[in-house]
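See below for the structure under consideration.
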Amino acid sequence: MKKRMKKVATLCLAGVTAMSTVGVTGSAVFAKGDTNYDVDNMDFENVELRVAFRFNNGSDTDGQAKWYYKALDEFNKENEGKIHVTDESISTESDYEEKLTTDFASGNVPNAFLQYGGSRTREYVDAGYILDLTPYFEQYPEWKEGVQDFAWETTQFDGIEGTYGIPWSAYQLCLYYNKDYLDQVGVDVPESWDDLVDACAKLKDAGIQPFNYSDKDNYHFEHLMSALALKAYGTSIADDLASDKEAYNGEKMVAIYQKMKDMIDAGYWGDGILSTDFNTERNMFEAGKAAFTVDGTWNCGNFQNDSDTTLFDAQKIGVTRIPYIDEANKTVEMGGGSDTYYITTLNKSDEEIAATVKFIKYLTSVDSINEMCKSSPTTYAEKVTIDTGNYLLDDVNAIMAENTESKLEIPTYDSNTAAMDTIRNSLQALATGASAQEVGDDIVDKMSAYE
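Plus 852 on top of the position in the sequence shown (first one is 1) and you've got this note's numbering.
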């Protein structure tokens, strides 16, 4: 607990200036003392904003990034002399997280940033540094109504009233498969985890590599761990772990790590797991070098936009749920609202805050998200109203429509701010020979240092 309190205290010290100039809600207060939330009709003059997201500038294949930088340029042109936005995006998650931590500690934070809710954002909300968008949604009800109901979890925090941010993407972890390879070895699309293991054995015997699994990006193991825990124990496991009713080195979670380790030890996940990134894994799948790949629903757009679209164009890629461990949890999924924009009040003027709301409102309108979906067909938090022409996305939407429950990544619910990074780092040891129990013990030992 001491280490976490020290970090929050540092944040509070950095925020003294902000608390003297910005109210609790972060509303725009003008010279006459009138509170104004109608940002579309405000007059701005030479307001400079900085935003830090995770878009990959210069990418030829990232449809979302290409749309974002086009939209950013258009916003700056439309608001020339009024508002100018400078982008400080970093696409690599670990580097991005380091930037946010440093910026908040120094008090020199961007006007808006991207995060996924949970403990990573909670401490900033607790410190009063994140804008409550409630009055702006009341001013523009159509803005909030454009977001699907299931996507708001990243903006809600237990014990705190308000809506702190707006989600723009939504996702679900899925299993993608090569239809021809499954037909070749005579197996059906796996529904249970046992089905998947059996399919991998038959594929391996036929000389077809089941997976080229990746965790160089340091999230892929954790995503699957979260999904499998939900598929085994239901959504209560997330709350039980957060409340210490269950432990990361207890019998239930060690059983999940063991299932992952068994796949590694059998060679079903391939070689070079920790040196392979998720783009390479996907590209190898597209090139016919694996029968399966696991990733989020964003892959629907990636398969359509990547340089090798042979399998996608021939409709040879299929998509299904992550296989269940307990059939009672067949339609319980890891997913929900994901990428969320948060607006900061720390050391920001009222005019900066209002201008930032205007920019974020511009990015997250249904019209804007429709345009992004044209560039990158995937699942979004907003209610997309166009026909994407992407058969995989149609299949994914049909799957999600039948979900009974969903949860975000399990570490998201832990109050320990080190949970996510610790779990992700410890899980990588599965690929270097550690036992399932050793991984669980390592998670608990390292998290205890931050309690």
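Cβ atoms here follow ideal geometry from the backbone N, Cα and C, with glycine treated the same way.
Backbone CA spacing between G910 and L966 [nearest angstrom]: 19 Å
Please confirm whether A957 and L1055 have their CB atoms less than 9 Å apart. no
Using beta carbons (cut-off 9 Å, strictly below), is L1027 in contact with chain D? Note that chain D does not occur in the displayed structure, where there is just one protein chain.
Taking contact to mean at least 3 C-beta pairs separated by less than 8 Å, is the segment 1184-1203 in contact with the segment 1115-1135? no
Would you give the residue range spanned by the beta strand (DSSP E) that F1144 belongs to? F1144 to G1148
Cβ atoms of G969 and G1017: under 9 Å apart, would you say? Contact: yes.
Quick one, which of Y1194, E1234, R906 and E1257 has its alpha-carbon nearest L983's? Y1194
Per DSSP, F965 is paired with what? A904 and Y1194
Can you have a look at E1234 and say buried or exposed, based on whether 16 or more other CB atoms are within 10 angstroms of its CB? That one is buried.
Helix or strand or just coil, what does DSSP make of V1041? coil
Do you know offhand how far K1226's Cα is from T1240's? 6 Å
Locate the beta strand (DSSP E) running through S1258, then write down its first and last residues. E1257 to K1259
For E1074 versus P1263, is the C-beta spacing smaller than 9 Å? yes
Using the Cβ count rule (16 or more neighbours within 10 Å means buried), how would you classify Q1167? exposed
Selected residue, minimal CA-CA separation from S1287, among Y1109, D914 and K1200: Y1109
By the DSSP assignment, the alpha helix (DSSP H) with D1293 in it spans what residues? A1288 to S1300
Between the CA atoms of Y1302 and F882 - distance to the nearest angstrom: For F882, the predicted structure reports a pLDDT of 37, less than 50, and the residue's modelled location is therefore unreliable. The matter cannot be settled from this model.
S946, buried or exposed, once every other Cβ within 10 Å from all chains shown has been counted against 16: exposed
Can you tell me which of the three DSSP states L1025 falls into? In this structure, L1025 counts as strand in the three-state DSSP scheme.
What's the C-alpha gap between S1078 and K934? The C-alpha of S1078 lies about 45 Å from the C-alpha of K934.
Hey, D1247 and G1170: beta-carbon distance below 9 Å or not? yes
Cα-Cα separation between D1269 and A1094, rounded to whole angstroms: Note that residue 1269 is Thr in the sequence shown here, rather than Asp. Each residue's alpha carbon lies about 11 Å from the other.
What distance in whole Å lies between the Cβ atoms of G1086 and V1184, which are believed to be in contact at a cut-off of 8 Å? 6 Å
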